[in-house]
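Take a look at the structure below.
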Ligand SMILES: CC(C)(COP(=O)(O)OP(=O)(O)OC[C@H]1O[C@@H](n2cnc3c(N)ncnc32)[C@H](O)[C@@H]1OP(=O)(O)O)[C@@H](O)C(=O)NCCC(=O)NCCS
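Residue numbers (the working numbering): 48 to 239.
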């Protein structure tokens, strides 16, 4: 499956609690909710590598093969621990920049959960490692994701064509980057 050594998670994860969310490693018991929420073209079409349709074997492969190679958290609602989606930091190759990716199941869109999760994961990433930047990208038309990244402080760095696995065609992607220095300025008490 891997050319050389399997990739390792860029950061050792730990549970994160925010005002409304619990972020913890995805586990086998999440599989039914994972399948139910991920099997949605509106989710898969915005992501580089999510299979569509998405079945139990995809959830099993995610838990067995992907989770150990990335820094992934399941996004859970604090009130009842409901599994709502996934957020993670990963590297495409060992020397590649650390990248942020995330998705939420459709019932949970529009409540600010992605921004809350992403802000906490970025804070975790910068405080628990010495990475100097995090990158991310979103496809044309995914203005909600662009807005999430903007709210956290990401800045546009460029655009490039991107092959969408689900749509089976090229789409344009906007590339974004958040430098540690900018994040530290934004997170400083004077900036609040
Ligand atoms: C993108 C996604 C994560 C957003 O999650 P969310 O929890 O709804 O996001 P939030 O509520 O935190 O923030 C969304 C922001 O985008 C805005 N927004 C929503 N739809 C929008 C649209 N069509 N155009 C412009 N802005 C939009 C919201 O108003 C909000 O901004 P505001 O707080 O300034 O009002 C979610 O829709 C999703 O999982 N989509 C499918 C997978 C995906 O796209 N993953 C990201 C890949 S880059």
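Where a beta carbon is used, it is the ideal one built from N, C-alpha and C, also for glycine.
All values reported here derive from a predicted model rather than from experimental measurement.
Residues near residue i in its chain [Cβ-Cβ closer than 8 Å; skip 5 each side]
i: residue 163; result: 65, 66, 67, 68
i: residue 49; result: Bear in mind that a pLDDT of 44 at residue 49, under 50, signals an unreliable position, so the number given afterwards is only what the model happens to contain. Result list for residue 49: empty, nothing under 8 Å.
i: residue 88; result: 99, 213
Cβ-heavy atom distance, residue i to ligand 1, below 7 Å
i: residue 162; result: yes
i: residue 66; result: no
i: residue 156; result: yes
i: residue 198; result: yes
i: residue 89; result: yes
i: residue 145; result: no
From the options, residue whose alpha carbon lies closest to that of residue i
i: residue 116; options: 181, 136, 132, 127; result: 136
i: residue 83; options: 130, 63, 221, 62; result: 130
i: residue 113; options: 180, 139, 227; result: 139
DSSP-derived helix/strand/coil call for residue i
i: residue 226; result: strand
i: residue 97; result: coil
i: residue 64; result: strand
i: residue 86; result: coil
i: residue 176; result: coil
Neighbourhood of residue i by C-beta distance below 7 Å, restricted to the same chain and skipping five residues each side
i: residue 208; result: 217, 219
i: residue 238; result: 232
i: residue 161; result: 149, 151, 195
Beta carbon proximity, residue i to chain D, threshold 8 Å
i: residue 136; result: Here there is only one protein chain, and chain D is not present.
Cβ shell of residue i (< 6 Å), same chain only, five flanking positions each side left out
i: residue 179; result: 227
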